[in-house]
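Data block below; observations after.
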Amino acid sequence: MDAQRRTEGVIDEYLVECIKKSLSDIAREKSLKPEGFRDITLEIPKIEDHGDYATNVAMVFAGLFKEAPRKIADRLIACFSDPRNLVDKIEVAGPGFINFFLRDEAWYDVLRVIINKADKYGTSNWGYKKRVQVEFVSANPTGPLHVGHGRGAVVGDVIARALEATGHSVEREYYINDAGRQMEILGHSILLRYYELFGKNVDFPADYYQGDYIVDIAKEVKEKRGDRYLQMEEAEAVADLAKYGGQKILDGIRCDLADFGIEYNCWFSEKSLFEKSAVNKTIEELKEKGFVYEKEGALWFRSSDFGDEKDRVVVRSNGAFTYFASDLAYHRDKFERGFKQVIDVWGADHHGYVPRVMAGMKALGFDEKDLQVVLVQLVSLLRSGEPVAMSTRKGEFVTLREVMDEVGKDAARYIFLTRRSDSHLDFDLELAKEKSSDNPLYYVQYAHARICSLFRVAKEEGIEIDWSEDVDLSVLEQPQEKKMMKILAQYPSVVNNCAKFLEPHRLPYYLNDLVSVFHSYYNKNRIISDNEPLMKARFRLVKAIQTVIKNALGILGVEAPEKM
RNA sequence: GCGCCCAUAGCUCAGCUGGAUAGAGUGACGGACUACGAAUCCGUAGGUCGCAGGUUCGAAUCCUGCUGGGCGCACCA
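The following block contains the structure:
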């Protein structure tokens, strides 16, 4: 309806609105429903001759309209209305592409909007305050976080930030698996190390937790609680030590994540699900709906009726619930808490688990589209190209803490995002520390620092910048200047796509595109000069770049330093 | 054996959910600071998008088969 106001300063969304309106008009002429134009695509052609923006709608809707693409395109151009008067000319090309050429004024507008909106540029109300939950990391509290968890942490956090920036109401949650057998093994592991401290000879099983942190916890227990666990019955001691150790380790995890720039709204305990009988109720619901049956003493959920490859056990023959059962209860609980969209960030090795959870959601009456699972591939740690040996079994792993301490929070966060999350990542510790162009973070931060420095120098030279002044931007006529303005104009839709497709890696790639043009331009041109009108216009351009870098790094949770 | 993901420049990866002539970074080689930050820039080189079919105006992208790699296939979590 009000395309002009809703798309202020965001050119592509504005054009899409205009195109939709024209399509509706054409549909009406043909006595068709003026609907169904939701996902029309507008792209930026690789070749300049093809315009600033192009759309393929004439070809896409040729079938619907029963007319040749080029004719539809002509028709669309004829009835195209452009209230903001941004379009210079429109052409039909090739098999039916519609190419839009914009007036330079459109790009100048972008600069004005960016400077005006400042840190709000790139944010939107696209999400309409929709309640979204992002659950990520959720590592068992049986050991410290390692690098793989770090990647999941950043992916989850940046998805959350992108959703916030696009107007969603987001909560971050950590699911604590504090109810299962793993905790028992943890308690047992501590107890055995504890026995050792008192000189007992113990057989330490290979599948118990091997890490030195277990010994540390045992020492602490000995110091604080003496020898009381020597007399205690084993089961009781194990339960008590599991609780003690789990708490201790979880505190460490909280601290690591906080230092990594990640704050959760909720730490959700699996145990609490049992305490309020949520697991029971969930299984009861499935029973009532007739989706479970007994076989060989166990209770099975008919997940194969909902797209899973086979049925799954929810209650074992020994009467215990499976992890899957509590996970169903957990996801049910999420939706009952009012979240309209739930995002789970999991390690890619859990991909086989997705269909059964989806099956559960469907069986419980939820829309599977409201649950999205983002899979994060493992991280290989390298040092100067050589693999760093890691073995969880032997308890030898590089912790997130160690990586953070060595390369810094920002470099770690950024590098975790330089690849799509479902792709393997090589993380080179030496590269992450290097202060050179090899390091993608510094390349971007350097551009920001350079611009800051520019304004410092200007100030030292007594140059006053009045940001409210109406500056003539038509002196920005270099191809690179125009190119940068076009890239700046894309930023809001990059953020949108990040949130829409849950793909945080788009931001680092975008930043690299923007900043590489800037560095090149900077090397060839002077911003501060005697040519006052030109200088004023370039200050506007450079300010806009600085703003977008800062905003984008903000979504990535990375500093935009003024000096480096 | 079954299922999922991946295969793009020497290497590591993008490619905007089907668009027009395939893109970065890195490695290699050669250049640029007496002017706002050289943590930068400029140039050169590099491709049968794993292979074979199919779908259509149009395929790196979608469907099928094959090859090769990763990961899953518990009354574990």
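Numbering (numbering that gives the first Met the number 0), first residue to last: 0 to 563. Note that the Cβ used here is the ideal one computed from N, Cα and C, for glycine as well.
Runs of 3 residues minimum, wholly inside the region 325-355: which ones carry the beta strand (DSSP E) assignment?
If only uninterrupted beta strand (DSSP E) runs of at least 3 residues are considered, those enclosed by the region 325-355 are 340-346.
Which residue marks the beginning of the alpha helix (DSSP H) containing TRP106, and which one marks its end?
Taking the first residue of the first sequence as 1, we reach residue 106 at position 107. Start and end: 103-116.
On a Cα-Cα basis, can you pick out the residue from GLY210, GLU219, GLY121, ILE175 that is closest to TYR193?
Within the first sequence, the letter at position 194 stands for residue 193. It is GLU219 whose Cα lies nearest to the Cα of TYR193.
Three-state secondary structure assigned by DSSP to LYS27:
Here residue 27 corresponds to residue number 28 of the first sequence, with the count starting at 1. This sequence places Arg at residue 27; Lys is not what is there. Note: ARG27 maps to helix in three-state DSSP.
Alpha carbon to alpha carbon, how far is GLY359 from LYS288? Give it in angstroms, no decimals.
Residue mapping note: residue 288 aligns to position 289 of the first sequence, counting from 1. Residue mapping note: residue 359 aligns to position 360 of the first sequence, counting from 1. For the pair LYS288 and GLY359, the Cα-to-Cα distance works out to about 12 Å.
Taking the beta carbon of TYR127 as the centre, do at least 16 other beta carbons fall within 10 Å, making it buried, or is it exposed?
Position 128 of the first sequence, counted from the first residue, corresponds to residue 127. That one is exposed.
Neighbour-count burial assignment, ARG331, 16 or more Cβ in a 10 Å radius
Taking the first residue of the first sequence as position 1, residue 331 is located at position 332. It is buried - the Cβ of ARG331 has at least 16 other Cβ atoms within 10 Å.
Nearest-angstrom Cα distance between ASP437 and VAL516?
Translated into the one-based positions of the first sequence, residue 437 becomes position 438. Translated into the one-based positions of the first sequence, residue 516 becomes position 517. The alpha-carbon atoms of ASP437 and VAL516 are separated by roughly 17 Å.
Taking the DSSP output, what are the residues bridged to GLN371?
Here residue 371 corresponds to residue number 372 of the first sequence, with the count starting at 1. GLN371 is bridged to ILE342.
For the 8 Å Cβ check, are there 3 or more pairs between the region 337-355 and the region 370-377?
yes
How would you write the range of the alpha helix (DSSP H) that LEU377 sits in, first residue to last?
Locating residue 377 in the first sequence gives position 378, where the first residue counts as 1. LEU377 -> no alpha helix (DSSP H), and no H or E assigned at all.
Can you tell me whether ASN317 is buried or exposed, with buried defined as 16 or more other CB within 10 angstroms of its CB?
Position 318 of the first sequence, counted from the start, is the residue given in the question as residue 317. So ASN317 ends up on the exposed side.
Excluding the 5 residues preceding and the 5 following ARG505 in the sequence, name in chain order all residues of the same chain whose CB lies nearer than 8 Å to its CB.
On the first sequence, residue 505 is found 506 positions in, with the first residue counted as 1. These residues qualify, in order along the chain: VAL493, ASN496, CYS497.
C-alpha distance - GLY351 paired with GLU367, whole-angstrom precision
Sequence index remark: in the first sequence, residue 351 carries index 352 (1-based). Sequence index remark: in the first sequence, residue 367 carries index 368 (1-based). For GLY351 and GLU367, the gap between their C-alpha atoms comes out near 16 Å.
Considering only residues of the same chain and omitting the five flanking positions on each side of ILE25, which have a CB-CB separation below 6 Å?
Position 26 of the first sequence, counting from 1, holds the residue named residue 25. Here the set comprises ARG74.
Beta-carbon contacts of GLU561 that lie in its chain and below 7 Å, excluding the five residues immediately before and after:
For the purposes of this step, residue 561 is taken as the residue at position 562 of the first sequence. Within the same chain, GLU561 has close Cβ partners ALA448, CYS451.
Are the CB atoms of MET483 and ILE548 within a distance shorter than 8 Å?
As a position in the first sequence, residue 548 is number 549, starting the count at 1. As a position in the first sequence, residue 483 is number 484, starting the count at 1. Their beta carbons are not under 8 Å apart, which means ILE548 does not touch MET483 by this criterion.
What is the rounded straight-line gap between the Cα of MET0 and the Cα of LEU31?
Here the question's residue 0 lines up with position 1 in the first sequence. Here the question's residue 31 lines up with position 32 in the first sequence. Note that MET0 has pLDDT 37, beneath the 50 cutoff, so the model's placement of it is unreliable and no number is given.
Between the CA atoms of GLY149 and LEU256 - distance to the nearest angstrom
Working through the first sequence from its first residue, we reach residue 256 at position 257. Working through the first sequence from its first residue, we reach residue 149 at position 150. Roughly 8 Å separates the two Cα atoms.
Under 8 Å between the Cβ atoms of PRO33 and MET58?
Along the first sequence, one-based indexing puts residue 33 at 34. Along the first sequence, one-based indexing puts residue 58 at 59. For PRO33 and MET58, no; Cβs fall outside 8 Å.
Out of SER168, SER528, ASN524, VAL136, which one is the CA nearest neighbour of ALA457?
What you label residue 457 is simply residue 458 of the first sequence in a count that begins at 1. Minimum Cα distance to ALA457 is reached at SER528.
For MET0, which of helix, strand or coil comes out of DSSP?
Translated into positions along the first sequence, residue 0 becomes position 1. Interpretation of MET0 is limited by its pLDDT of 37, a score under 50 that renders its predicted location unreliable; the figure taken from the coordinates is listed afterwards. Here MET0 carries a coil assignment [DSSP, helix/strand/coil].
So what does DSSP say about GLU90, is it helix, strand or coil?
Residue numbering aside, residue 90 sits at position 91 when the first sequence is read from its first letter. Strand, per DSSP.
Using CA atoms only, rank isn't needed, just tell me which of VAL557, LYS485, LEU63, LEU475 is closest to PHE538.
Within the first sequence, the letter at position 539 stands for residue 538. Considering only alpha carbons, the answer is LEU475.
Hey, out of GLY384, PHE305, PHE426, whose CA is closest to LEU399's CA?
By 1-based counting over the first sequence, the position of residue 399 is 400. Cα-wise, what sits closest to LEU399 is PHE426.
Would you mind giving the Cβ-Cβ distance between ILE39 and VAL15, rounded to the nearest angstrom? I have them listed as a contact below 8 Å.
In the first sequence, the residue the question calls residue 39 occupies position 40. In the first sequence, the residue the question calls residue 15 occupies position 16. Yes, they are in contact, since the Cβ atoms of ILE39 and VAL15 sit about 6 Å apart, within 8 Å.
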